[in-house]
Amino acid sequence: MQKSIYYLSVIALLTFGCVQLTSVQDVIPNHDNFTINSSFVNETRVINVWLPPNYKNSTDAFPVLYMPDGGIKEDFPHIANSIAKLVESKNIPSVILVGIENTERGRDLTGFSEVEADAEYCPLTDGAKNFRAFITEELMLQINTKYRTTSQKGIIGESLAGLFVMETFLLQPNAFDFYIAMDPSLWWNNNYLEQNASTYVNAFPNKKIKLWFAGSGVEDISIHTNNLAKRLQRNAPSTLIWKYEDVPNEKHSTIFRAKKEQALTWIMNPEK
Numbered sequence: 679m680q681k682s683i684y685y686l687s688v689i690a691l692l693t694f695g696c697v698q699l700t701s702v703q704d705v706i707p708n709h710d711n712f713t714i715n716s717s718f719v720n721e722t723r724v725i726n727v728w729l730p731p732n733y734k735n736s737t738d739a740f741p742v743l744y745m746p747d748g749g750i751k752e753d754f755p756h757i758a759n760s761i762a763k764l765v766e767s768k769n770i771p772s773v774i775l776v777g778i779e780n781t782e783r784g785r786d787l788t789g790f791s792e793v794e795a796d797a798e799y800c801p802l803t804d805g806a807k808n809f810r811a812f813i814t815e816e817l818m819l820q821i822n823t824k825y826r827t828t829s830q831k832g833i834i835g836e837s838l839a840g841l842f843v844m845e846t847f848l849l850q851p852n853a854f855d856f857y858i859a860m861d862p863s864l865w866w867n868n869n870y871l872e873q874n875a876s877t878y879v880n881a882f883p884n885k886k887i888k889l890w891f892a893g894s895g896v897e898d899i900s901i902h903t904n905n906l907a908k909r910l911q912r913n914a915p916s917t918l919i920w921k922y923e924d925v926p927n928e929k930h931s932t933i934f935r936a937k938k939e940q941a942l943t944w945i946m947n948p949e950k
């Protein structure tokens, strides 16, 4: 009975997770928009790009922050507006935001799972490897060709997108220089990533990587983010600069907006 309640609570909590919904009407910022044909996901994908105010009047190159759930009706507007605010107030350096609009969210953001409840929640899954290849081998090339970019790049995501961020961080740490994961769905596949995190970080490359992640008060999330933090505390290499925020007063639906500015400020500035 307890196991059934657990599965039901996960599915009830994350019913909105396989298809990303936003109930807040955010101001849509000025941005570029283009499509890219991907051989890895075998689709044409819509890309939204926010440029910092000083982009057009300078010859400077800028770091890039990539974001799944990056459609205009998804998280792109509120993250772009927050970055604009932080850049204007000089709380973070200028950065280019690249939003990737969803098509099959559950497929793109999840890896393999043999758990029956996962299949009920997202019937089409296990596309994270292809989606990651699309970003690193196709999209990054386009962005670096179209815009003035530095070699510094990061990724941000929440819920299933947070799971994708954490999977990329652990399985392919060289893909990005900095990672932000809000309420990542680490319960996926019987919390495989959390349970195997120590093995992955022990094999990390000898390069500086930054990670900021947070867990809300939702028990099915926080138990795994807290456990992951403990594993990192024991096993993280000295080259990994990381911070974890346990935020029990926030809900799964509120934590992204509540903590995004804090996360961006910490991740985008040199550690003190």
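All residue numbers in the sequence shown are consecutive under the working numbering, ending with 950.
Beta carbons: idealized from backbone N, C-alpha and C, even for Gly.
Using 8 Å as the Cβ pair cut-off and three pairs as the minimum, do the stretch 770 to 790 and the stretch 802 to 812 touch? yes
Taking contact to mean 3 or more Cβ pairs, one atom from each stretch, closer than 8 Å, check whether the stretch 817 to 835 and the stretch 849 to 856 are in contact. yes
Between Q703 and S760, what straight-line distance do the alpha-carbon atoms span, to the nearest angstrom? 14 Å
I'd like the span of the alpha helix (DSSP H) that includes Q830, first residue to last. It is not in any alpha helix (DSSP H) - Q830 instead sits in the beta strand (DSSP E) that spans T827 to E836.
Kindly list the residues whose CB is nearer than 8 Å to the CB of E766, restricted to its own chain and excluding five residues on each side of it in sequence; keep chain order. P731
Starting from W866, trace the alpha helix (DSSP H) both ways and give me its first and last residue. W866 to N880
How about I933 and D861: are their beta carbons less than 8 Å apart? yes
Once you ignore the five residues that flank A839 on each side, which residues in its own chain have a CB closer than 7 Å to its CB? P746, D747 and L787
Looking at the structure shown, is K757 part of a helix, part of a strand, or coil, going by DSSP? Before going on, a small fix: residue 757 reads as Ile here, not Lys. Three-state result, I757: helix.
Own chain partners of W865 with C-beta closer than 8 Å, once the 5 adjacent residues on each side are dropped: V688, D898, I899 and H902
Only counting runs of 3 or more residues, tell me where the beta strand (DSSP E) segments fall wholly within the stretch 730 to 796, in order along the chain. 740 to 745 and 774 to 778
If you run the structure through DSSP and keep just helix, strand and coil, what is N904? helix
Expressed to the nearest angstrom, what Euclidean distance is found between the alpha-carbon atoms of N708 and V793? 42 Å
Is it right to say F694 is buried, meaning 16 or more other beta carbons lie within 10 angstroms of its own, or is it exposed? For F694, the predicted model reports a pLDDT of 42, less than 50, meaning its position is unreliable and no value from the coordinates is stated.
Using DSSP with H/G/I as helix, E/B as strand and the rest coil, what is V727? strand
F812 vs F718 beta-carbon contact at 8 Å: yes
Is it buried or exposed for K938, if we count other Cβ within 10 angstroms and need 16 for buried? buried
Measure the C-alpha to C-alpha separation of L849 and Y744 and round it to an integer number of angstroms. 17 Å
Quick one: residues in its chain with C-beta nearer than 6 Å to the C-beta of K763, no 5 flanking neighbours on either side, listed in chain order? none
Give the straight-line distance between the Cα atoms of I714 and A797, rounded to the nearest whole angstrom. 29 Å
Check each candidate in C800, K886 and R912 and name the one with the smallest Cα separation from S876. R912
Output the distance between the C-alpha atoms of S800 and N867, rounded to the nearest integer angstrom. Note on residue identity: the sequence assigns Cys, not Ser, to residue 800. C800 and N867: Cα-Cα distance of roughly 12 Å.
Please confirm whether N726 and I750 have their CB atoms less than 8 Å apart. yes
My assumption, with CB atoms under 8 Å, is that V879 sits in contact with A914. Please give the rounded CB distance. 6 Å
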